[in-house]
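Student: In the working numbering, each number is its position in the sequence shown, counted from 1, plus 340.
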Amino acid sequence: MAIQEVSSKSRYGKYTQTVLNLIDLSVINFFFGMTLCIVPDSVPYGIREMWLLLNLAYLPCCLWTSRSTHYRRTILMDHVIRQSVVTVCIHALFFLTLVSFLRLDLRTKTVVIFYSSLLIALPLTWVVTRFIIKQLRRRGFNTSSVVIVGINPTSERLLHEIEADAGFGYKVKGFFDDFCPDDFKSRHLGTIDDLEDFIRKNTIHQIFYTYTANTNDDLSRAVKIADDNACDFYYVPRITRFVNRPFSLNTIGSVPVLCTRPNPLSKIMNRVLKRSFDIFVSGLFMIVYPIIYIPIAIAIKISSPGPVYFKQERTGYRGNSFLCYKFRTMKVNASADKCQATKNDPRKTRLGDFLRRTSLDELPQFINVWKGEMSIVGPRPHMLKHTKEYSELIDRYMVRHMVKPGITGWAQVNGYRGLTDELWKMERRVEYDTWYIENWTFFLDLKIMVRTVINALKGESNAF
Numbered sequence: 341m342a343i344q345e346v347s348s349k350s351r352y353g354k355y356t357q358t359v360l361n362l363i364d365l366s367v368i369n370f371f372f373g374m375t376l377c378i379v380p381d382s383v384p385y386g387i388r389e390m391w392l393l394l395n396l397a398y399l400p401c402c403l404w405t406s407r408s409t410h411y412r413r414t415i416l417m418d419h420v421i422r423q424s425v426v427t428v429c430i431h432a433l434f435f436l437t438l439v440s441f442l443r444l445d446l447r448t449k450t451v452v453i454f455y456s457s458l459l460i461a462l463p464l465t466w467v468v469t470r471f472i473i474k475q476l477r478r479r480g481f482n483t484s485s486v487v488i489v490g491i492n493p494t495s496e497r498l499l500h501e502i503e504a505d506a507g508f509g510y511k512v513k514g515f516f517d518d519f520c521p522d523d524f525k526s527r528h529l530g531t532i533d534d535l536e537d538f539i540r541k542n543t544i545h546q547i548f549y550t551y552t553a554n555t556n557d558d559l560s561r562a563v564k565i566a567d568d569n570a571c572d573f574y575y576v577p578r579i580t581r582f583v584n585r586p587f588s589l590n591t592i593g594s595v596p597v598l599c600t601r602p603n604p605l606s607k608i609m610n611r612v613l614k615r616s617f618d619i620f621v622s623g624l625f626m627i628v629y630p631i632i633y634i635p636i637a638i639a640i641k642i643s644s645p646g647p648v649y650f651k652q653e654r655t656g657y658r659g660n661s662f663l664c665y666k667f668r669t670m671k672v673n674a675s676a677d678k679c680q681a682t683k684n685d686p687r688k689t690r691l692g693d694f695l696r697r698t699s700l701d702e703l704p705q706f707i708n709v710w711k712g713e714m715s716i717v718g719p720r721p722h723m724l725k726h727t728k729e730y731s732e733l734i735d736r737y738m739v740r741h742m743v744k745p746g747i748t749g750w751a752q753v754n755g756y757r758g759l760t761d762e763l764w765k766m767e768r769r770v771e772y773d774t775w776y777i778e779n780w781t782f783f784l785d786l787k788i789m790v791r792t793v794i795n796a797l798k799g800e801s802n803a804f
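1. What is the DSSP secondary structure of N590, counted as helix, strand or coil?
2. Does F372 pass the burial test, meaning 16 or more other C-beta atoms within 10 Å, or should it be called exposed?
3. On the criterion of 16 or more Cβ atoms from any shown chain inside 10 Å, does K607 qualify as buried, or is it exposed?
4. For I636, does the three-state DSSP call read helix, strand or coil?
5. For the beta strand (DSSP E) containing K511, list its first residue and its last residue.
6. For E653, which beta-bridge partners are listed by DSSP?
7. Spell out a yes or no on whether the stretch 694-702 and the stretch 722-729 are touching, meaning 3 or more CB-CB pairs, one atom from each, closer than 8 Å.
8. Please name the residue in W750, D523, P645 whose C-alpha comes closest to that of E778.
9. Quick check on the DSSP output: what are the complete beta strand (DSSP E) runs of length 3 or more inside the stretch 502-576, in order along the chain?
10. DSSP three-state call for M714: helix, strand or coil?
11. In this structure, does DSSP put F434 in helix, strand or coil?
12. Taking 8 Å as the limit between beta carbons, can you name the residues of its chain near T358, skipping five residues before and five after?
13. Could you check the C-alpha separation between P719 and V425 for me, to the nearest Å?
14. Going straight from the alpha carbon of E713 to that of P630, what length do you get?
15. Tell me the residue span of the beta strand (DSSP E) that contains I488.
16. So I387 is in the alpha helix (DSSP H); what residue range does that whole segment cover?
17. Below 8 Å on the Cβ atoms is my guess for G656 versus K798; work out the distance and round it to an integer in Å.
18. Is the beta carbon of I378 less than 9 Å from the beta carbon of T469?
19. Does any heavy atom of the ligand ATP sit closer than 8 Å to the C-beta of E496?
20. Do the stretch 500-507 and the stretch 441-453 make contact, defined as three or more Cβ pairs closer than 8 Å?
21. When the Cα atoms are used, what is the spatial distance from M390 to D445?
22. Using 9 Å as the threshold, is the C-beta distance between I547 and C571 below it?
23. Taking DSSP's pairing of strands, which residues face K688 in a bridge?
24. In whole angstroms, what separates the C-alpha of S540 from that of L403?
25. For the beta strand (DSSP E) containing G746, list its first residue and its last residue.
26. If we count the other Cβ atoms within 10 Å of its Cβ and call it buried at 16 or more, is Q475 buried or exposed?
27. Where does P493 fall in DSSP's three states?
28. Could you tell me how far apart the beta carbons of Y551 and V628 are, in whole angstroms, since I believe they sit closer than 8 Å?
29. Which same chain residues end up closer than 6 Å to I747 when comparing Cβ atoms and leaving out the 5 residues on each side of it in sequence?
30. Using a Cβ-Cβ cutoff of less than 7 Å, which residues in the same chain neighbour V793 once the five nearest sequence positions on both sides are dropped?
31. Pairing CB atoms from the stretch 730-740 with CB atoms from the stretch 760-774, are three or more of them under 8 Å?
32. Run through DSSP, which three-state label would L703 get?
33. Determine the contact status of H741 and G659, defining contact as a CB-CB distance below 9 Å.
34. May I ask you to report which of helix, strand or coil DSSP gives V790?
35. Tell me the rounded alpha-carbon separation between M417 and F620.
36. Go to M738, then tell me how far its alpha helix (DSSP H) extends in each direction, as first and last residue.
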C-alpha cells in the first residue's frame with residue numbers, strides 16, 4: 341500500500357524541473373547558433389569543443405536552479421526574472437572561464453551579441469514557462485494535495501494565502517486538530533490521532549504543521565507520519581500577521597535559529613536605484629504630460645466650476661505631510677478633506693467618475709514623484725485625518741511611512757484600494773504595505789506597475 345502511494349504521488353511533477361532545464365539548454369544552444377550565423381568567423385577553430393563547453397557551462401546553472409529557485413509552487417514573477425538573469429551570469433562566468441583555460445578563440449563581438457540576446461531571451465522564457473505552469477495548475481493539472489495540522493489564526497492565514505492564487509496548485513483537503521470551533525468554515529478531518537490513517541488512505545503530498553498544543557509529542561509524530569508516507573513536511577511558525585519580514589534559517593551548533601533580514605530599502609544602493617527609476621519614468625511622463633493635461637483640464641472646467649487640480653495634504657515619508665495632486669473629480673465641497681468617496685457619491689461629476697474608474701485622476705501625482713515627495717510604487721498616501729485615526733487602531737500602521745508613498749502599490753494591485761469603511765480593510769492594506777516594504781526588489785516594482793496597467797485596462801470594481 342505504501343509503495344503504491346509513493347508511486348501515485350510522484351507521477352509527473354518530479355520531471356518538471358528537468359523539462360525546464362532542457363528548455364533553458366535549448367534556448368542557450370539556439371541563440372548561440374544564431375550568433376554564429378550573424379557574426380562571420382565567430383569561432384575560427386575548435387567549433388565542436390566550443391559547443392561542448394557551451395553545454396557543460398550549463399551544469400552549474402542546473403545546480404543553481406535546483407538549489408535556489410527549484411521548482412517551487414509559490415512562483416513569483418519578479419523572483420523568476422531576477423534568478424534567470426543570475427543564471428545567465430553564471431553561465432557566462434563558467435563558459436568564458438573554460439574557453440580561456442583551453443585557449444580557444446572566440447570573438448568578443450560574438451560574446452557580446454550572444455549574452456545580450458540571452459539576457460532578454462532566457463528571462464522571457466522563464467516568465468512564459470512559469471506562466472504556463474500556473475495556468476495548468478489553475479485548470480487542475482500538476483496539483484499538490486495538502487493537509488494542515490492545527491486550527492488557529494496561523495493556519496487560517498496560511499489557508500487564505502494558499503487560496504489567494506490558484507496558480508500555486510495547492511488542494512487543501514482539510515484540517516486536523518483535537519479541538520474544532522463551532523464556527524469553523526473549513527473541513528475538519530479529525531483529531532491528530534486520525535492523521536496517519538487519513539494519509540495512508542488518501543494521496544497527500546504535503547503536510548503543513550501549525551499546531552501548538554502538546555508541541556513536542558505531536559510534532560515528532562507528524563514528522564514521522566510524513567516520513568513513513570513520503571510526504572513533504574513544513575513547519576509553520578506561529579507569527580502575527582503583521583510580521584511579514586522574510587526570515588533566513590541559520591544554526592548555532594545543531595539548534596536552528598530564525599533571523600530577520602534587514603529592510604531592502606535601508607541600503608543606499610537600493611534607494612538610489614529606486615529614486616533614479618522614479619526620476620527617469622516621471623521625467624519621460626512630464627515630457628508628454630501637456631498632451632494629457634490640456635484635454636482633461638478643459639473637460640474638468642466644462643463639467644463643473646472650480647480648479648483643475650485637487651490638492652490635499654497627505655502623510656508622506658517619515659510621517660511628514662505634503663500636498664498630493666489629483667485631477668479634480670468632484671464638485672467643490674467642504675467635506676473633501678474628511679470623507680472618502682463612495683460608490684454613488686453625489687459629490688462626483690460624471691467626468692470625475694470616469695477619471696476615477698480609469699485611474700486617470702492619479703496622473704498628476706507624477707509631479708509629486710518628480711519633486712521627490714512620492715515614488716511610482718509604494719504605500720498609498722492617506723489623508724492626515726486617517727493617519728491620526730488608524731495609527732491608534734492598527735498595530736504597525738506607521739511602518740508604511742518608512743518609505744515614500746506611491747502612485748500605486750502592492751495593496752492596490754491585490755484589490756485593497758478605494759473605500760475603507762470597515763477596519764479590516766485598512767488592516768489588510770497595512771499588511772500588504774508592510775510586506776512590500778520588507779520584501780522590496782526592483783523587479784517587484786516592475787511587477788506592480790505591469791499589474792496596475794492591466795487592472796486599469798480591465799477596470800476595477802473598487803475604483804470609485
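Heads up, the beta-carbon is just placed ideally off N, CA and C, and yes, glycines get one too. As the structure is a computational prediction, the values presented were derived from the model and not from experiment.
Tutor: With the given structure in hand:
1. If you number the sequence shown from 1, residue 590 lands on position 250. Of the three classes helix, strand and coil, the one that applies to N590 here is strand, per DSSP.
2. For the purposes of this step, residue 372 is taken as the residue at position 32 of the sequence shown. With a 10 Å radius around the Cβ and a threshold of 16 neighbouring Cβ atoms, F372 comes out buried.
3. Walking along the sequence shown from the start, residue 607 turns up at place 267. Exposed is the call here.
4. For this step, residue 636 is matched to residue 296 along the sequence shown. Note: I636 maps to helix in three-state DSSP.
5. Numbered from 1 along the sequence shown, position 171 holds the residue referred to as residue 511. Looking at the DSSP string, the run of the beta strand (DSSP E) that includes K511 is 510-516.
6. Here residue 653 refers to the residue found at position 313 when the sequence shown is read from its first residue. In the DSSP output, where bridge partners are listed per residue, E653 has L663.
7. no
8. As a position in the sequence shown, residue 778 is number 438, starting the count at 1. Looking at the Cα atoms, W750 is the closest of the given residues.
9. 510-516, 528-530, 546-549, 572-575
10. By 1-based counting over the sequence shown, the position of residue 714 is 374. Residue state, collapsed to three classes: coil.
11. In the sequence shown, residue 434 corresponds to position 94, counting from 1. DSSP places F434 in helix when its eight states are reduced to three.
12. Along the sequence shown, one-based indexing puts residue 358 at 18. Closer than 8 Å at Cβ, skipping near neighbours: no residue.
13. By 1-based counting over the sequence shown, the position of residue 719 is 379. By 1-based counting over the sequence shown, the position of residue 425 is 85. P719 and V425: Cα-Cα distance of roughly 28 Å.
14. Working through the sequence shown from its first residue, we reach residue 713 at position 373. Working through the sequence shown from its first residue, we reach residue 630 at position 290. Answer to the nearest angstrom: the Cα atoms are 21 Å apart.
15. For the purposes of this step, residue 488 is identified with residue 148 of the sequence shown, where counting begins at 1. First-last of the beta strand (DSSP E) with I488: 484-489.
16. One-based indexing of the sequence shown puts residue 387 at position 47. Per DSSP, I387 belongs to the alpha helix (DSSP H) from 387-396.
17. Taking the first residue of the sequence shown as 1, we reach residue 656 at position 316. Taking the first residue of the sequence shown as 1, we reach residue 798 at position 458. Actually they do not touch by this definition, with Cβ atoms about 29 Å apart.
18. To locate residue 378, count along the sequence shown from 1; it is residue 38. To locate residue 469, count along the sequence shown from 1; it is residue 129. No, these two residues do not count as a Cβ contact at 9 Å.
19. The ligand ATP is not part of this structure, which contains no ligands at all.
20. no
21. Taking the first residue of the sequence shown as position 1, residue 390 is located at position 50. Taking the first residue of the sequence shown as position 1, residue 445 is located at position 105. So the two alpha carbons sit approximately 9 Å from each other.
22. Start at 1 with the first residue of the sequence shown, and residue 547 comes out as number 207. Start at 1 with the first residue of the sequence shown, and residue 571 comes out as number 231. Taking 9 Å as the cut-off, the beta carbon of I547 is found closer than this to the beta carbon of C571.
23. Reading the sequence shown from its first residue, position 348 is the one you call residue 688. M670.
24. Residue 540 sits at position 200 when you count from the first residue of the sequence shown. Residue 403 sits at position 63 when you count from the first residue of the sequence shown. The residue you asked about is not Ser; residue 540 is Arg in the sequence shown. Approximately 34 Å between the Cα atoms of the pair.
25. The count along the sequence shown starts at 1 and reaches residue 746 at position 406. G746 -> beta strand (DSSP E) spans 746-748.
26. Within the sequence shown, residue 475 is the residue found at index 135, counting from 1. Classification of Q475: exposed, given that the 10 Å Cβ count is below 16.
27. Along the sequence shown, read from residue 1 onward, the residue named residue 493 stands at position 153. Note: P493 maps to helix in three-state DSSP.
28. Start at 1 with the first residue of the sequence shown, and residue 551 comes out as number 211. Start at 1 with the first residue of the sequence shown, and residue 628 comes out as number 288. Actually they do not touch by this definition, with Cβ atoms about 57 Å apart.
29. Counting from 1 along the sequence shown, the entry for residue 747 is found at position 407. So the list reads E702, Q705, I716, once near-sequence residues are dropped.
30. In the sequence shown, the residue the question calls residue 793 occupies position 453. Here the set comprises nothing.
31. yes
32. As a working mapping, residue 703 is identified with position 363 in the sequence shown. In this structure, L703 counts as coil in the three-state DSSP scheme.
33. Sequence index remark: in the sequence shown, residue 741 carries index 401 (1-based). Sequence index remark: in the sequence shown, residue 659 carries index 319 (1-based). Taking 9 Å as the Cβ cut-off, H741 and G659 qualify as a contacting pair.
34. Here residue 790 refers to the residue found at position 450 when the sequence shown is read from its first residue. Note: V790 maps to helix in three-state DSSP.
35. Start at 1 with the first residue of the sequence shown, and residue 417 comes out as number 77. Start at 1 with the first residue of the sequence shown, and residue 620 comes out as number 280. Approximately 23 Å, taken between the alpha carbons.
36. Here residue 738 corresponds to residue number 398 of the sequence shown, with the count starting at 1. Note, M738: premise wrong, no alpha helix (DSSP H); not H, not E.
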